[in-house]
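Those letters in the sequence shown? Residues 1 to 109, per the numbering used here, in order.
Report on one structure; see the data block that follows.
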Amino acid sequence: MADAGVGFRHSLEPTQAKRFGERWGDAAALEAALIQGVSRFRDPGRGQGLAGIRRYLARWDGKIAIRSGTARIAIVPKWDDDVPLQEGVPPFPGAQVLIIIPEQESAQR
């Protein structure tokens, strides 16, 4: 899936850039969103999409990778050899999301 919007860094910048200081950039924004569960929304119950996807993928041993700006982050399952974080990738103005849910036996889950 792809979205040609403003990207994670610009979306989170108003609420997160100061907290990260000089480290703020595309990679830090992706880490904040995917690993720390940070959202641009402050309203209770908002911004739970990535957290819910992570829980679902953990249950099914799945993978998620997100590319935004000049960085790419992934939750890498044991069956994959991807790198968790890449910086300096060719710029993408919005976000690209890859989700893989491996086929499993029905009795397995």
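All C-beta atoms, glycine included, are put in the ideal place defined by N, C-alpha and C.
Inset, instruction - Just the C-alpha distance for Gln96 and Gln104, rounded to the nearest angstrom, thanks. - result: The residue labelled residue 96 in the question sits at position 96 within the sequence shown. The residue labelled residue 104 in the question sits at position 104 within the sequence shown. Cα to Cα, Gln96 sits roughly 26 Å from Gln104.
Legend entry - For Val97: DSSP bridge partner residues: Residue numbering aside, residue 97 sits at position 97 when the sequence shown is read from its first letter. DSSP lists Ile66 as partners of Val97.
Inset, instruction - Kindly identify the DSSP beta-bridge partner or partners of Asp3. - result: Numbered from 1 along the sequence shown, position 3 holds the residue referred to as residue 3. For Asp3, which the question treats as bridged, DSSP gives the partners Ala95.
Inset, instruction - Put Ile35 into one of helix, strand or coil per three-state DSSP. - result: Translated into positions along the sequence shown, residue 35 becomes position 35. Ile35 falls in the coil class under three-state DSSP.
Inset, instruction - Would you mind sorting Gln16 into buried or exposed? The rule is 16 or more other CB atoms within 10 Å of its CB. - result: Residue mapping note: residue 16 aligns to position 16 of the sequence shown, counting from 1. Classification of Gln16: buried, given that the 10 Å Cβ count is 16 or more.
Legend entry - Bridge partner(s) assigned by DSSP for Arg9: One-based indexing of the sequence shown puts residue 9 at position 9. According to DSSP, which records beta bridges pairwise, Arg9 is partnered with nothing at all.
Inset, instruction - Taking Gly49 as part of the alpha helix (DSSP H), name the residues at either end of that continuous run. - result: Taking the first residue of the sequence shown as 1, we reach residue 49 at position 49. Annotation for Gly49: the continuous alpha helix (DSSP H) segment containing it runs Gly49 to Arg59.
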